[in-house]
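Inspection log for the structure reproduced underneath, given as structure tokens.
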Amino acid sequence: MATTRHSPPVAAGEPIGVVEAPGREAAAELLVPRDTGHVGIVGATESGKSHTLKTLARALARQGAAVLVLDWEGEHSDIASHALEPWQVRVPVLNYPDPRRVVEALEAALRVHGDHYSLSPLMAQLLAKTLARTRRRVRSLVEELEKLAENTPRADTRTSTHALLRRLWALQPVLEQLEPGPDKKLDPASPQPGKIYTIDLSGLTPSQKKTYTQLLATHLQANKQATTLLYLAVEEAHHTAQPGTPLEQLLLEARKKNIRLITLTSHPTPLHHNQQTIIAHQQPDTESAKRLAEHLAPEPRAKQALTKTLLSLETGEAIVKIGASKPVLAKIKPI
Ligand SMILES: Nc1ncnc2c1ncn2[C@@H]1O[C@H](COP(=O)(O)OP(=O)(O)OP(=O)(O)O)[C@@H](O)[C@H]1O
Ligand SMILES: [Mg+2]
Numbered sequence: 005m006a007t008t009r010h011s012p013p014v015a016a017g018e019p020i021g022v023v024e025a026p027g028r029e030a031a032a033e034l035l036v037p038r039d040t041g042h043v044g045i046v047g048a049t050e051s052g053k054s055h056t057l058k059t060l061a062r063a064l065a066r067q068g069a070a071v072l073v074l075d076w077e078g079e080h081s082d083i084a085s086h087a088l089e090p091w092q093v094r095v096p097v098l099n100y101p102d103p104r105r106v107v108e109a110l111e112a113a114l115r116v117h118g119d120h121y122s123l124s125p126l127m128a129q130l131l132a133k134t135l136a137r138t139r140r141r142v143r144s145l146v147e148e149l150e151k152l153a154e155n156t157p158r159a160d161t162r163t164s165t166h167a168l169l170r171r172l173w174a175l176q177p178v179l180e181q182l183e184p185g186p187d188k189k190l191d192p193a194s195p196q197p198g199k200i201y202t203i204d205l206s207g208l209t210p211s212q213k214k215t216y217t218q219l220l221a222t223h224l225q226a227n228k229q230a231t232t233l234l235y236l237a238v239e240e241a242h243h244t245a246q247p248g249t250p251l252e253q254l255l256l257e258a259r260k261k262n263i264r265l266i267t268l269t270s271h272p273t274p275l276h277h278n279q280q281t282i283i284a285h286q287q288p289d290t291e292s293a294k295r296l297a298e299h300l301a302p303e304p305r306a307k308q309a310l311t312k313t314l315l316s317l318e319t320g321e322a323i324v325k326i327g328a329s330k331p332v333l334a335k336i337k338p339i
């Protein structure tokens, strides 16, 4: 008798949905393994990305991975073992012992705000010097730089200090939240296996969310202990994981540190070659469906069919490709 079961792409793991196989009666569960590699969740508005993240986070945590969700809209605390506010997370940027490390972290956070926010060599030098001789608090740092701008006899130092201050003001609200204090509940560099942490960023401005995200990424890259497998989930990846950012660096290198990135985006950003798992919900337009089909199935005939499917998926449906397996059509489980 011919089998009616459609074989799932992965043989062992936790279910996140059901494989939909046209013409077959009994569908197989869609399993995700403990280590999916980096994950890209893409799809139009309201196509089911956030919901899929919840289902996926639970399946990964059940297998002992830690999951840290940078919750842009404050919609994920329902899946959290620990629902945190931004200031409850220990990312002591200004307190890194080596001032050059602090400068690097701040430069990386500034980069996402545009080229006009970068630090000149003189600004970086002034910042490192001032850090070395002030209390590592953003207020002290700003006050010290204001004094310098007022008292220096050198015009170039004055101009650069003013420019540096303008950049620091952009980072100040986030740096203040990250200053050491008694209320820290999570060291993201050593999370507990099997836990889901959410950080509610909904009270921050878009620019503060980006700053927070990059500072956390830099911190993980430098300090994450390799023992626990950690998934870091970030929304709006088209704004946060661009080339040259600490998040992109995590995509490139973080497997060594046992960090996997889960990016969510509604924009047709090119997928990263290092993303082994793709969950593609309904696409907003033909252009992005085509690009995605190219990534998922390079053969011309499969590509055409896939493009069509990607445009007609219903909410919660997705084309899922896990690791080296073939893409399958699946319905993601309700949480
Ligand atoms: N697999 C699913 N099963 C049942 N309901 C779902 C599923 N996926 C999504 N939904 C429902 O569809 C709606 C939109 O889903 P969701 O918020 O996840 O979309 P989104 O792609 O994240 O949207 P946005 O672009 O606005 O962030 C929600 O009400 C959600 O509960
Ligand atoms: Mg969403």
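Residue numbers (my numbering): 5 to 339.
Using N, Cα and C, we set each Cβ at its ideal position, and we do this for glycine too.
Could you give the DSSP three-state label for residue i: helix, strand or coil?
i: Tyr216; result: helix
i: Gln280; result: strand
i: Tyr100; result: coil
i: Leu182; result: coil
i: Ile323; result: strand
i: Lys330; result: coil
i: Arg264; result: strand
i: Val43; result: strand
i: Pro192; result: coil
i: Thr231; result: coil
i: His285; result: coil
i: Ala245; result: coil
i: Lys337; result: coil
i: Thr156; result: coil
i: His86; result: strand
i: Val106; result: helix
i: Pro19; result: strand
i: Leu205; result: coil
i: Val146; result: helix
i: Ala32; result: coil
i: Thr49; result: coil
i: Thr138; result: coil
For ligand 2, any of its heavy atoms closer than 7 Å to the Cβ of residue i?
i: Lys53; result: yes
Taking 7 Å as the cut-off, is the CB of residue i close to at least one heavy atom of ligand 1?
i: Ser320; result: It is Gly, not Ser, that sits at residue 320 in the sequence shown. Yes, Cβ of Gly320 sits closer than 7 Å to a heavy atom of ligand 1.
i: Ile336; result: yes
i: Glu50; result: yes
i: Ser316; result: no
i: Gly44; result: no
i: Ser270; result: yes
i: Gly78; result: no
i: Gly47; result: yes
Applying the 10 Å Cβ sphere with the 16-neighbour rule, what's the burial state of residue i?
i: Ile323; result: buried
i: His42; result: buried
i: Gly185; result: exposed
i: His299; result: buried
i: Glu291; result: exposed
i: Leu88; result: buried
i: His120; result: exposed
i: Gln218; result: buried
i: Gly207; result: exposed
i: Leu256; result: exposed
i: His277; result: exposed
i: Glu180; result: exposed
i: Pro192; result: buried
i: His80; result: buried
Note down the Cα distance separating residue i from residue j, rounded to an integer number of angstroms.
i: Pro13; j: Pro247; result: 31 Å
i: Gln212; j: Gln279; result: 26 Å
i: Arg115; j: Val106; result: 14 Å
i: Glu50; j: Thr231; result: 36 Å
i: Lys58; j: Thr311; result: 26 Å
i: Arg9; j: Ala32; result: Because the pLDDT of Arg9 is 49, which lies under 50, any placement of that residue in the model is unreliable, and the number read from its coordinates should be weighed accordingly. Roughly 6 Å between the two C-alpha positions.
i: Thr7; j: Ala25; result: Residue confidence is low: Thr7 scores 40 on pLDDT, short of 50, so the model does not pin down where it sits. No coordinate-derived value is stated.
i: Thr40; j: Pro288; result: 26 Å
i: Leu205; j: Gln92; result: 12 Å
i: Leu169; j: Leu135; result: 13 Å
i: Pro338; j: His55; result: 8 Å
i: Glu111; j: Pro90; result: 20 Å
i: Glu18; j: Pro96; result: 35 Å
i: Asn99; j: Ile45; result: 35 Å
Between the Cα of residue i and those of the options, spot the shortest distance and give me the residue it belongs to.
i: Val332; options: Leu256, Ser270 and His285; result: His285
i: Lys182; options: Ile203, Thr249 and Thr138; result: Going by the sequence as given, residue 182 is Leu instead of Lys. Nearest of Ile203, Thr249 and Thr138 to Leu182, Cα basis: Ile203.
i: Gln176; options: Lys189, Thr163, Thr161 and Glu147; result: Glu147
i: Gln129; options: Arg141, Val71, His117 and Leu149; result: Leu149
i: Asn262; options: Tyr100, Pro195 and Leu315; result: Pro195
i: Ile266; options: Lys307, Glu239 and Asp289; result: Glu239
i: Ser316; options: Ala48, Leu135 and Ala113; result: Ala48
i: Leu296; options: Thr319, Thr269 and Glu318; result: Thr269
i: Arg66; options: Ala301, Gly198, Leu152 and Leu314; result: Gly198
i: Ala328; options: Ala301, Gly78 and Lys151; result: Ala301
Within 8 Å of any Cβ in chain C, is that where the Cβ of residue i sits?
i: Ala153; result: In the displayed structure, chain C is absent; only one protein chain is listed.
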